[in-house]
Structure formats: C-alpha cells, structure tokens
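Read top to bottom, the protein sequences are chains R and Z. Per this note's numbering, the very first residue in the first sequence carries number 1; after that it's consecutive. Per this note's numbering, the very first residue in the second sequence carries number 116; after that it's consecutive. For glycine and all other residues, C-beta sits at the position ideal for the given N, C-alpha and C. Notes for the one structure printed next.
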Amino acid sequence: KQEVTQIPAALSVPEGENLVLNCSFTDSAIYNLQWFRQDPGKGLTSLLLIQSSQREQTSGRLNASLDKSSGRSTLYIAASQPGDSATYLCAALNAGGTSYGKLTFGQGTILTVHP
Amino acid sequence: GAGVSQSPSNKVTEKGKDVELRCDPISGHTALYWYRQSLGQGLEFLIYFQGNSAPDKSGLPSDRFSAERTGGSVSTLTIQRTQQEDSAVYLCASSFAPKGAGNTIYFGEGSWLTVV
Numbered sequence: 001k002q003e004v005t006q007i008p009a010a011l012s013v014p015e016g017e018n019l020v021l022n023c024s025f026t027d028s029a030i031y032n033l034q035w036f037r038q039d040p041g042k043g044l045t046s047l048l049l050i051q052s053s054q055r056e057q058t059s060g061r062l063n064a065s066l067d068k069s070s071g072r073s074t075l076y077i078a079a080s081q082p083g084d085s086a087t088y089l090c091a092a093l094n095a096g097g098t099s100y101g102k103l104t105f106g107q108g109t110i111l112t113v114h115p
Numbered sequence: 116g117a118g119v120s121q122s123p124s125n126k127v128t129e130k131g132k133d134v135e136l137r138c139d140p141i142s143g144h145t146a147l148y149w150y151r152q153s154l155g156q157g158l159e160f161l162i163y164f165q166g167n168s169a170p171d172k173s174g175l176p177s178d179r180f181s182a183e184r185t186g187g188s189v190s191t192l193t194i195q196r197t198q199q200e201d202s203a204v205y206l207c208a209s210s211f212a213p214k215g216a217g218n219t220i221y222f223g224e225g226s227w228l229t230v231v
C-alpha cells in the first residue's frame with residue numbers, strides 16, 4: 001500500500017527566502033509524482049508533474065525533483081512571495097498491482113510567507 | 116467545458132437524507148477520481164474510474180456510499196442516509212490516462228457538504 005509523507009507539516013518564512021518542501025513515498029512503482037497547491041476554500045491546482053523517468057521539472061520559481069529509487073521528491077521555491085502562501089500537496093500515481101491508477105496524497109505542508 | 120465542473124458547490128442537508136454530487140470531467144478525459152477532504156485533514160481517496168468501470172473502490176467508507184459513471188463522462192457520487200461525519204469537501208478530478216500512461220490530473224472546485 002502506497003503511503004506518502006510530507007515534511008514539514010507547516011513552514012513560516014520571511015519574503016524572499018528560498019525554501020524546500022519534502023515528500024517521501026513507500027512504493028516506487030509510480031507513473032509520476034505531482035505537486036499541487038491548495039488555497040483556503042479552493043480546489044487543487046497542479047503545479048508540476050514529474051514522470052517516473054524524469055529527474056526534475058521546472059516552472060518559473062518552482063523546481064521539483066524526483067529520486068524514485070529512494071522514494072523522495074522535493075519542491076524548491078525560489079525567492080518566496082506572500083502570494084505563495086498556501087498548502088502544498090504531493091501525490092504519487094501508482095503504476096501497478098491493485099492500486100493501479102490510484103493517486104495517493106501526502107498530508108500537505110502549510111506554507112506562510114510573511115512580508 | 117474548460118475545466119472539471121462539480122455541482123452543487125454547496126449543499127446543506129439533514130441527517131438521514133440522501134445526497135447526489137455530480138462531476139463533469141474535462142472532455143476526453145478517461146480517468147475520473149473522487150476524493151474527500153474533511154476540515155483540516157488531507158485528501159482521502161474514495162473511488163477511481165477508468166472509462167465507466169471502477170478498478171478501485173477501496174476508499175468508499177461504507178455501503179452508504181456509491182458512485183457511477185456513464186458514457187465515460189459524467190459521474191455521480193451518492194451518499195445515502197447521510198451522517199454528520201460525512202460533512203466534508205468532495206473533490207472530483209480527471210485526466211487523460213489511457214492504460215500505461217500517467218498525465219496531469221485536474222481538480223474541480225469541490226462540493227462542500229454539510230450534514231446538520
């Protein structure tokens with residue numbers, strides 16, 4: 001059974017800092033790993049998707065890496081801004097067995113960037 | 116439509132009543148997911164469809180919960196005899212996912228259910 005864990009549970013930083021959010025997963029048989037953002041009272045917005053054959057993906061100030069063999073992914077946010085404040089969730093898409101096609105989420109990291 | 120559409124966006128119902136939640140996925144998307152998010156909690160997997168079939172129903176909390184998908188498009192999640200613990204946001208997502216591929220998953224805004 002896939003289990004996804006995110007560390008830290010919450011993070012508060014001053015504007016301008018670079019930061020790293022961590023995600024680990026127990027079953028390496030994945031198609032991909034996605035990072036999402038959730039604002040209060042809203043649905044989820046996909047930020048980055050890394051296929052299992054890839055090592056990293058970049059979009060603007062965001063960079064996500066994937067080390068499938070060790071079951072880890074990181075989301076790097078450069079030069080953080082107050083508008084980055086949200087909950088960040090990672091999710092692994094299972095590739096095999098009875099959990100084929102199932103997207104398993106971590107509990108999320110609540111990020112607060114203060115001016 | 117341009118995105119995943121869910122209805123109703125908000126629903127307040129009395130304990131014991133049945134509710135139906137609807138999800139209209141992005142056109143052409145083969146995979147459809149239902150998740151539940153309780154206040155302050157993470158996302159709980161409920162059910163996943165590939166086309167009209169559900170390979171994984173393991174997340175449905177009880178036999179009061181059921182879901183169907185017809186025509187490979189719209190899906191309905193039905194909760195019978197609602198209980199207060201069913202209060203949550205029910206999120207639907209879809210992706211273009213022919214077997215063997217994993218693509219970006221897009222979420223709707225959710226249906227906020229309150230059972231009083």
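Verify whether the separation of the beta carbon atoms of residue i and residue j is less than 9 Å.
{"i": "Arg184 of chain Z", "j": "Leu147 of chain Z", "result": "yes"}
{"i": "Ser73 of chain R", "j": "Cys23 of chain R", "result": "yes"}
{"i": "Leu111 of chain R", "j": "Leu19 of chain R", "result": "yes"}
{"i": "Gly118 of chain Z", "j": "Gly223 of chain Z", "result": "yes"}
{"i": "Leu136 of chain Z", "j": "Leu175 of chain Z", "result": "no"}
{"i": "Ser46 of chain R", "j": "Thr219 of chain Z", "result": "yes"}
{"i": "Gln2 of chain R", "j": "Thr26 of chain R", "result": "yes"}
{"i": "Gly158 of chain Z", "j": "Phe180 of chain Z", "result": "The sequence shown places Leu at residue 158 of chain Z, not Gly. Taking 9 Å as the Cβ cut-off, Leu158 of chain Z and Phe180 of chain Z do not qualify as a contacting pair."}
{"i": "Leu62 of chain R", "j": "Leu48 of chain R", "result": "yes"}
Thinking just about the alpha-carbon of each residue, which of the options is nearest to the one in residue i?
{"i": "Cys90 of chain R", "options": "R:Tyr76, R:Gly83 and R:Ser80", "result": "R:Tyr76"}
{"i": "His114 of chain R", "options": "R:Ser85, R:Thr104, R:Gln107 and R:Phe105", "result": "R:Ser85"}
{"i": "Ala203 of chain Z", "options": "Z:Leu154, Z:Leu161, Z:Tyr221 and Z:Ile194", "result": "Z:Leu154"}
{"i": "Thr109 of chain R", "options": "R:Glu15, R:Trp35 and R:Arg61", "result": "R:Trp35"}
{"i": "Gly166 of chain Z", "options": "Z:Ile141, Z:Gln121 and Z:Ser122", "result": "Z:Ile141"}
{"i": "Pro8 of chain R", "options": "R:Thr87, R:Pro14 and R:Leu93", "result": "R:Thr87"}
{"i": "Asp139 of chain Z", "options": "Z:Val231, Z:Gly225 and Z:Val230", "result": "Z:Gly225"}
{"i": "Asp133 of chain Z", "options": "Z:Thr145, Z:Gly187, Z:Tyr163 and Z:Gln199", "result": "Z:Gln199"}
{"i": "Pro82 of chain R", "options": "R:Ser12, R:Glu56 and R:Phe105", "result": "R:Ser12"}
{"i": "Phe164 of chain Z", "options": "Z:Ala208, Z:Lys130, Z:Gly131 and Z:Asn125", "result": "Z:Ala208"}
{"i": "Ser53 of chain R", "options": "R:Gly60, R:Arg61 and R:Leu66", "result": "R:Leu66"}
{"i": "Leu21 of chain R", "options": "R:Gly60, R:Ala10 and R:Leu33", "result": "R:Ala10"}
{"i": "Asp201 of chain Z", "options": "Z:Ser120, Z:Thr229 and Z:Ala169", "result": "Z:Thr229"}
What did DSSP end up calling residue i once you bin it into helix, strand or coil?
{"i": "Glu224 of chain Z", "result": "coil"}
{"i": "Gln152 of chain Z", "result": "strand"}
{"i": "Gln199 of chain Z", "result": "helix"}
{"i": "Pro82 of chain R", "result": "helix"}
{"i": "Pro14 of chain R", "result": "strand"}
{"i": "Asp171 of chain Z", "result": "strand"}
{"i": "Ala91 of chain R", "result": "strand"}
{"i": "Gln57 of chain R", "result": "strand"}
{"i": "Gly215 of chain Z", "result": "Note that Gly215 of chain Z scores a pLDDT of 49, beneath 50, so its modelled location is shaky and nothing firm can be said."}
{"i": "Thr229 of chain Z", "result": "strand"}
{"i": "Arg179 of chain Z", "result": "coil"}
{"i": "Ile141 of chain Z", "result": "coil"}
{"i": "Thr128 of chain Z", "result": "strand"}
{"i": "Glu3 of chain R", "result": "coil"}
{"i": "His185 of chain Z", "result": "Checking the displayed sequence, the identity of residue 185 of chain Z turns out to be Thr instead of His. Coil, per DSSP."}
{"i": "Asn45 of chain R", "result": "According to the sequence shown, residue 45 of chain R is Thr rather than Asn. The answer is strand: DSSP assigns Thr45 of chain R an E or B state."}
{"i": "Val134 of chain Z", "result": "strand"}
{"i": "Thr112 of chain R", "result": "strand"}
{"i": "Ser209 of chain Z", "result": "strand"}
Exposed or buried, what is residue i when buried is set at 16 or more other beta-carbons lying within 10 Å of its beta-carbon?
{"i": "Gln156 of chain Z", "result": "exposed"}
{"i": "Gly71 of chain R", "result": "buried"}
{"i": "Asp39 of chain R", "result": "exposed"}
{"i": "Asp171 of chain Z", "result": "buried"}
{"i": "Val231 of chain Z", "result": "exposed"}
{"i": "Ser69 of chain R", "result": "exposed"}
{"i": "Asn125 of chain Z", "result": "exposed"}
{"i": "Lys102 of chain R", "result": "buried"}
{"i": "Gly111 of chain Z", "result": "Residue 111 of chain Z lies beyond the residue range present for chain Z, which begins at 116 and ends at 231; the question has no answer from this structure."}
{"i": "Gly16 of chain R", "result": "exposed"}
{"i": "Ser210 of chain Z", "result": "buried"}
{"i": "Arg55 of chain R", "result": "exposed"}
{"i": "Ala78 of chain R", "result": "exposed"}
{"i": "Gly106 of chain R", "result": "buried"}
{"i": "Asp178 of chain Z", "result": "exposed"}
Assuming residue i contacts residue j under a Cβ cut-off of 8 Å, what Cβ separation, rounded to an integer in Å, is found between them?
{"i": "Arg151 of chain Z", "j": "Tyr205 of chain Z", "result": "6 Å"}
{"i": "Ser190 of chain Z", "j": "Ala182 of chain Z", "result": "6 Å"}
{"i": "Ala95 of chain R", "j": "Thr104 of chain R", "result": "Between Thr104 of chain R and Ala95 of chain R the Cβ distance is about 12 Å, and since that is not below 8 Å, they are no contact."}
{"i": "Asn32 of chain R", "j": "Gln51 of chain R", "result": "5 Å"}
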